[in-house]
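Trainee:
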Amino acid sequence: MLFTSPIYTQSEYIYILGNTQDAGMPHIGCKHKFCLDNFNTFEEYYVTSIAVVNSDLNKYILFEATPDITYQLNYLKDNIFQEFLLPEALYITHAHIGHYTGLMYFGREALGSKNLLVKVLPKMSNFLKTNGPWSQLVSLNNIQIQNTKFDISNLELSNIEVIPIQVPHRDEYSETAGYVIKGENKKALFIPDIDKWEKWDKNLIELVENFDYLLLDATFYDSMEINRDISEIPHPLVSETIHLLNSLSKENKSRVYFIHMNHTNPMLNPNSDLSKSIINKGFNIARLGQKLYL
Ligand SMILES: [Zn+2]
Ligand SMILES: [Zn+2]
Numbered sequence: 465m466l467f468t469s470p471i472y473t474q475s476e477y478i479y480i481l482g483n484t485q486d487a488g489m490p491h492i493g494c495k496h497k498f499c500l501d502n503f504n505t506f507e508e509y510y511v512t513s514i515a516v517v518n519s520d521l522n523k524y525i526l527f528e529a530t531p532d533i534t535y536q537l538n539y540l541k542d543n544i545f546q547e548f549l550l551p552e553a554l555y556i557t558h559a560h561i562g563h564y565t566g567l568m569y570f571g572r573e574a575l576g577s578k579n580l581l582v583k584v585l586p587k588m589s590n591f592l593k594t595n596g597p598w599s600q601l602v603s604l605n606n607i608q609i610q611n612t613k614f615d616i617s618n619l620e621l622s623n624i625e626v627i628p629i630q631v632p633h634r635d636e637y638s639e640t641a642g643y644v645i646k647g648e649n650k651k652a653l654f655i656p657d658i659d660k661w662e663k664w665d666k667n668l669i670e671l672v673e674n675f676d677y678l679l680l681d682a683t684f685y686d687s688m689e690i691n692r693d694i695s696e697i698p699h700p701l702v703s704e705t706i707h708l709l710n711s712l713s714k715e716n717k718s719r720v721y722f723i724h725m726n727h728t729n730p731m732l733n734p735n736s737d738l739s740k741s742i743i744n745k746g747f748n749i750a751r752l753g754q755k756l757y758l
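Just so you know, the sequence shown maps onto residues 465 to 758 in my numbering.
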């Protein structure tokens, strides 16, 4: 009997929908050239978000509801589905503005969705249910919240596993999740925000050896970028992350995709010297429209 197993390699992939820090590009009030140019040229820089697409099923799940979600779902329509589709499920990492405020576009004043499935951890769930305007999305059934748990797998799109894992971060309103995304062949890790690698109970080098794709917090390249006390807004500096991973082979380095870049980080501009030098070292930088096959 001829038995052919389905081949999922080309039909399931992570699709990059944005790579900037929460406040986006251009950035409010910013006078630097890259921001000013982007007020005028409408380059497509969106806040960090990824979709996981199954093109056989013509379905997807979404990670993060960003302030740019209107454009990001349109980007999916134009480039993938040729029609406007809502995600089968929406996962959110935490309650900082770039990661969840796009939920407002599902409400009464905007799309008015029906029972859009939003999967979040318990503290985030409670935050949404008990604070307006998010609570109105719940009471009007625009969204339906389902609680997830750290380290417990969720099955999506027939064979994708999504596992939230705990990440140390400024947890004012919610816990902070990273996500493990397992496909038929490949495994990805999505960590858009984390305080410092040292504060985590996981070893970054081991993670790089264990995952095929690592989408990692690249908010700042170095501490000189902003005129603020950087200890108030801790992130692993990209310069530190690169130093930490320096001993890895080029093949292993190529698994790292830097994402969630602040408007001050020259890595946002693909033509900057810094972007080129990071690519030369063997690392990748997440860009809108990239596909990472699972
Ligand atoms: Zn963020
Ligand atoms: Zn700027």
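Positions of the beta carbon are idealized from the N, C-alpha and C atoms, including for glycine. Computed from a prediction, not measured in an experiment: that's the story for all the values here.
DSSP three-state label for M568, please.
Mentor: M568: helix per DSSP, three-state reduction.
Trainee: Looking at I525 and V644, is the spacing between their C-beta atoms short of 9 Å?
Mentor: no
Trainee: Once the 5 residues before and after K650 are set aside, which same chain residues still bring their CB inside 6 Å of it?
Mentor: D676, L758
Trainee: Which value, in whole angstroms, describes the spacing of the CA atoms of I743 and A682?
Mentor: 14 Å
Trainee: Whole angstroms is fine: what's the gap from E662's alpha carbon to Y637's?
Mentor: 23 Å
Trainee: Counting Cβ pairs, one atom from each stretch, are 3 or more of them under 8 Å apart for the segment 572–590 and the segment 601–616?
Mentor: yes
Trainee: Within the same chain, show all residues whose beta-carbon is closer than 6 Å to that of K583, passing over the 5 residues directly before and after it, in chain order.
Mentor: A553, Y555, Q610, T612
Trainee: How about H633 and I658: are their beta carbons less than 9 Å apart?
Mentor: yes
Trainee: Identify which residue in N606, N522, E670, F548 has its Cα closest to the Cα of R572.
Mentor: N606
Trainee: By Cβ distance, which residues of its chain are closer than 8 Å to V702, with the 5 residues on each side in sequence left out?
Mentor: A682, F684, Y685, D686, F722, N729, M731, I742
Trainee: Measure the CB-CB distance between V720 and L680 and report whether it falls below 9 Å.
Mentor: For V720 and L680, yes; Cβs fall inside 9 Å.
Trainee: Name the DSSP bridge partner or partners of E696?
Mentor: None, per the DSSP bridge assignment.
Trainee: Could you tell me whether the Cβ atoms of S718 and N674 are closer together than 9 Å?
Mentor: no
Trainee: Quick one, which of S695, G482, Q630 has its alpha-carbon nearest T640's?
Mentor: Q630
Trainee: Per DSSP, what kind of secondary structure is L701 in: helix, strand or coil?
Mentor: When DSSP states are grouped into helix, strand and coil, L701 belongs to the coil group.
Trainee: Please classify V631: does DSSP put it in a helix, a strand, or coil?
Mentor: coil
Trainee: Within 10 angstroms of the Cβ of E670, are there 16 or more other Cβ atoms? Answer buried if so, exposed if not.
Mentor: By the beta-carbon neighbour count (other beta carbons within 10 angstroms, threshold 16), E670 is exposed.
Trainee: Consult DSSP for N518 and reduce its assignment to one of helix, strand or coil.
Mentor: strand
Trainee: Which class does S739 belong to by DSSP, given the choice of helix, strand or coil?
Mentor: helix
Trainee: For my contact list, L752 and N483 are in at a C-beta cut-off of 8 Å; report their separation, rounded to the angstrom.
Mentor: 7 Å
Trainee: For D737, decide whether its Cβ has a neighbour in chain B, counting only Cβ atoms nearer than 9 Å.
Mentor: Of the protein chains in this structure there is only one, and it is not chain B.
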